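Each step along the sequence shown adds one to the number in this note's numbering, with nothing skipped, and position 212 is 619.
No residue lacks a Cβ here, since even glycine has one placed at the ideal position from N, Cα and C.
In this text the structure is predicted, and so the values were computed from the model without any measurement.
The block underneath contains the structure these notes are about, expressed in structure tokens.
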Amino acid sequence: TSPKKSCISPTISQDHGLKNGVDKSCTNIIMNQDKKDWNEKLNSDEKRFISHILAFFAASDGIVNENLIERFSQEVKISEARCFYGFQIAIENIHSEMYSLLIETYISDPKEKDFLFNAIETLPCVRKKANWALNWINHESATFPERVVAFAAVEGIFFSGSFAAIFWLKKRGVMPGLTFSNELISRDEGLHCDFACLMFKHIVQKPSFEHVKSIVMDAVEIEKEFLTQALPVELIGMNRISMCNYIEFVADRLFVALGFEKVYNSENPFSFMDFISMMGKTNFFEKKVGEYKKFGVMEEDSKKKSTSSVLFGAKF
Numbered sequence: 408t409s410p411k412k413s414c415i416s417p418t419i420s421q422d423h424g425l426k427n428g429v430d431k432s433c434t435n436i437i438m439n440q441d442k443k444d445w446n447e448k449l450n451s452d453e454k455r456f457i458s459h460i461l462a463f464f465a466a467s468d469g470i471v472n473e474n475l476i477e478r479f480s481q482e483v484k485i486s487e488a489r490c491f492y493g494f495q496i497a498i499e500n501i502h503s504e505m506y507s508l509l510i511e512t513y514i515s516d517p518k519e520k521d522f523l524f525n526a527i528e529t530l531p532c533v534r535k536k537a538n539w540a541l542n543w544i545n546h547e548s549a550t551f552p553e554r555v556v557a558f559a560a561v562e563g564i565f566f567s568g569s570f571a572a573i574f575w576l577k578k579r580g581v582m583p584g585l586t587f588s589n590e591l592i593s594r595d596e597g598l599h600c601d602f603a604c605l606m607f608k609h610i611v612q613k614p615s616f617e618h619v620k621s622i623v624m625d626a627v628e629i630e631k632e633f634l635t636q637a638l639p640v641e642l643i644g645m646n647r648i649s650m651c652n653y654i655e656f657v658a659d660r661l662f663v664a665l666g667f668e669k670v671y672n673s674e675n676p677f678s679f680m681d682f683i684s685m686m687g688k689t690n691f692f693e694k695k696v697g698e699y700k701k702f703g704v705m706e707e708d709s710k711k712k713s714t715s716s717v718l719f720g721a722k723f
């Protein structure tokens with residue numbers, strides 16, 4: 408997979424069928440507020456942190472889909488699981504487009520946009536996380552259960568610290584488009600991680616706890632490095648030790664969800680994350696697509712007529 412193919416452009420995909428039913432006035436109000444906050448309330452360090460986080464997110468959803476399309480959907484024959492993967496692929500595309508839209512909204516310099524949209528090649532800190540996931544996709548000798556654990560770690564750990572960092576900004580009452588879309592997406596990713604754990608529990612020949620621990624702990628160390636060294640959370644006023652503890656806390660929850668015991672026994676240092684479950688039960692399937700539309704993820708061409716939004720929780 409070419410790294411340049413990992414992001415979805417909202418401009419190119421504006422004619423996508425899911426663009427129907429947009430409330431454009433709401434879109435403009437929310438995104439204009441984000442742009443205003445970006446220009447007036449964020450310093451250069453905060454802008455750098457957010458833009459690089461968005462660059463990672465925009466590329467990572469494409470990598471997750473690459474695994475679903477090229478590996479899991481080909482290997483899993485259970486109808487219910489294949490159905491879930493189909494929905495997940497569609498949702499990951501929406502996530503990627505959301506992040507691309509946010510980059511388009513905040514960044515005006517074309518060269519900087521190109522730099523961010525090619526983050527796997529241009530940002531070493533993003534490349535390291537991406538390569539870890541890509542290596543598991545292309546790993547010829549890794550078993551299916553091992554790769555299930557690896558991608559549970561991608562969605563349960565590689566995203567967790569970045570989600571928490573954006574929720575940290577919500578406390579300041581800035582960037583409503585970014586923080587609300589982050590809330591929706593974090594719940595989706597929680598569901599995806601939950602499903603990976605469910606699949607793992609149904610596997611008969613599981614890898615040993617020691618092997619699972621090595622995979623997850625490897626992801627933990629990479630995530631810690633990402634948010635304390637490569638892109639330190641101090642840039643937005645967070646404490647790096649607390650962030651490390653939070654990543655360990657999330658990893659312990661993943662261990663338990665996979666059916667094992669905790670490894671780190673770390674407490675959650677971020678009280679503002681108590682109401683957000685990285686393995687949440689509220690998810691995209693229970694939401695109208697319109698909640699994403701409010702932030703321009705599915706902005707319709709102004710020349711086309713609107714139709715009603717789709718409710719994925721509906722019975723067909």
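Quick one, which of the options has its alpha-carbon nearest residue i's?
i: S678; options: N652, A658, L661, V663; result: N652
i: F607; options: G666, Y492, I510; result: G666
i: Q612; options: V555, D516, A571; result: V555
i: A549; options: F479, S515, C532; result: F479
i: A559; options: K520, E596, F633; result: E596
i: S507; options: L523, K518, Q481, V663; result: L523
i: W445; options: R579, V663, S621, A664; result: R579
i: I514; options: F456, K577, I485; result: F456
i: L585; options: K620, E504, I470; result: E504
i: T512; options: M624, P639, K536, S458; result: S458
i: S621; options: A557, A637, I643, S649; result: A557
i: L638; options: V471, E617, D516, K536; result: K536
i: I544; options: C600, Q481, E487, D516; result: Q481
i: L762; options: V483, K577, M650, E487; result: Residue 762 lies beyond the residue range present for the chain, which begins at 408 and ends at 723; the question has no answer from this structure.
Is it buried or exposed, residue i, if we count other Cβ atoms within 10 angstroms and call 16 or more buried?
i: E628; result: exposed
i: Q495; result: buried
i: N589; result: buried
i: I592; result: buried
i: E562; result: buried
i: H609; result: exposed
i: D659; result: buried
i: S569; result: buried
i: K518; result: exposed
i: C490; result: exposed
i: S726; result: This structure cannot settle anything about residue 726, because the visible part of the chain is limited to 408 through 723.
i: I654; result: buried
i: I648; result: exposed
Measure the alpha-carbon distance for residue i versus residue j and round it to whole angstroms.
i: E447; j: L598; result: 35 Å
i: R534; j: D468; result: 14 Å
i: K442; j: F602; result: 36 Å
i: K431; j: M438; result: Bear in mind that the predicted position of K431 carries a pLDDT of just 40, short of 50, making it unreliable; the figure below should be weighed with that in mind. Near 10 Å, if we compare the C-alpha coordinates of M438 and K431.
i: F656; j: F574; result: 17 Å
i: E668; j: F551; result: 22 Å
i: M582; j: F565; result: 22 Å
i: M645; j: D521; result: 28 Å
i: L461; j: A626; result: 19 Å
i: H546; j: N538; result: 11 Å
i: F464; j: I485; result: 29 Å
i: L404; j: F587; result: In the structure as shown, the chain starts at 408 and stops at 723, and residue 404 therefore has no counterpart that could be examined.
i: N542; j: H502; result: 22 Å
i: S615; j: E528; result: 35 Å
i: S673; j: V623; result: 15 Å
i: A664; j: E632; result: 24 Å
i: E641; j: L661; result: 26 Å
i: I498; j: I476; result: 13 Å
i: M680; j: S567; result: 10 Å
i: P531; j: E630; result: 13 Å
i: E553; j: K454; result: 37 Å
i: L605; j: A571; result: 24 Å
i: I470; j: E617; result: 26 Å
i: A466; j: A526; result: 7 Å
i: N474; j: V619; result: 19 Å
i: R594; j: C600; result: 10 Å
i: N500; j: N472; result: 8 Å
i: V675; j: G493; result: Looking at the sequence provided, one finds Asn at residue 675 rather than Val. Roughly 33 Å between the two C-alpha positions.
i: I643; j: Q636; result: 14 Å
i: E487; j: A540; result: 25 Å
i: L634; j: V483; result: 34 Å
i: D516; j: Q440; result: 19 Å
Hey, quick one: how far does the alpha helix (DSSP H) through residue i stretch, first residue to last?
i: D625; result: 616-632
i: P639; result: Unbroken run through P639: none, as it is neither H nor E.
i: Y653; result: 647-664
i: I470; result: 451-474
For the ligand ZN, I want to know if residue i counts as a neighbour, meaning its beta carbon is within less than 7 Å of at least one of the ligand's heavy atoms.
i: F566; result: The ligand ZN is not among the ligands present in this structure, which contains no ligands whatsoever.
### Message
Restricting to runs no shorter than 4 residues, where is the alpha helix (DSSP H) found entirely within the segment 480-529?
### Response
486-513, 517-524, 526-529
### Query
In chain order, which alpha helix (DSSP H) runs of at least 4 residues are fully inside the segment 527-598?
531-545, 551-560, 567-577
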